[in-house]
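Q:
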Amino acid sequence: MMIKEYKEIIEKKLEEYFDERLKNPEYKLFKDVIESMKYTTCLGGKRLRGILCLEACKMFSGQYEAAIPASCALEMLHAQSLIHDDLPCMDNDDLRRGKPSNHKVYGEAIATLAGDALISFAPQIIIEK
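Sequence positions in the sequence shown follow our numbering and run 9 to 137.
Structure representation (structure tokens):
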């Protein structure tokens, strides 16, 4: 499988994970936080962490599918570090990958909560799937 195909698989699955939560009425109170989590996680990037995870699984087991949740979790944890790094109390960056930083779009409080929530959400998707 090619890097581009792995990247597409990861990006599609990340969108699905967040959209599942956004459509679920149980998460209605957390809509802003989930949208903020999705914003940075799905903003793009090379997806190298996730791709390496999938390729390692393929090398050792012959198939990559079982590692899709883990590869998405790695990308979520990376997004968490980006959100917190951009906050005014840290680097106070206005842009991330050419777009407004999370705290510029959602505010500092929601961005902080989104970063914190990604720390919990990432292992949760591995456990659920």
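Ideal Cβ placement from N, Cα and C applies to all residues, glycine included.
1) Is residue 129 buried or exposed, if buried means 16 or more other CB atoms sit within 10 Å of its CB?
2) Would you say the beta carbon of residue 65 comes nearer than 8 angstroms to a heavy atom of the ligand GTP?
3) With C-beta atoms as the reference, is residue 22 less than 9 angstroms away from residue 84?
4) Cβ atoms of residue 72 and residue 62: under 9 angstroms apart, would you say?
5) Report the CB separation of residue 125 from residue 45 in whole angstroms; it is logged as a contact under 8 angstroms.
6) Could you have a look at residue 77 and say whether DSSP puts it in helix, strand or coil?
7) In the structure shown, what three-state DSSP assignment does residue 112 receive?
8) Could you give the residue range of the alpha helix (DSSP H) that holds residue 36?
9) Could you tell me the boundaries of the alpha helix (DSSP H) in which residue 50 lies?
A: The structure says:
1) Within 10 angstroms of the beta-carbon of residue 129 lie 16 or more other beta-carbons, which makes it buried.
2) Questions concerning the ligand GTP fall outside what the structure shown contains, since it holds no ligand whatsoever.
3) Result yes, Cβ atoms of residue 22 and residue 84 sit closer than 9 angstroms.
4) Taking 9 angstroms as the cut-off, the Cβ atoms of residue 62 and residue 72 count as close.
5) With 8 angstroms as the limit, residue 125 and residue 45 qualify as a contact, their Cβ atoms being about 6 angstroms apart.
6) It is helical.
7) It is helical.
8) Premise fails: residue 36 is in no alpha helix (DSSP H) and is neither H nor E.
9) Residue 50 -> no alpha helix (DSSP H), and no H or E assigned at all.
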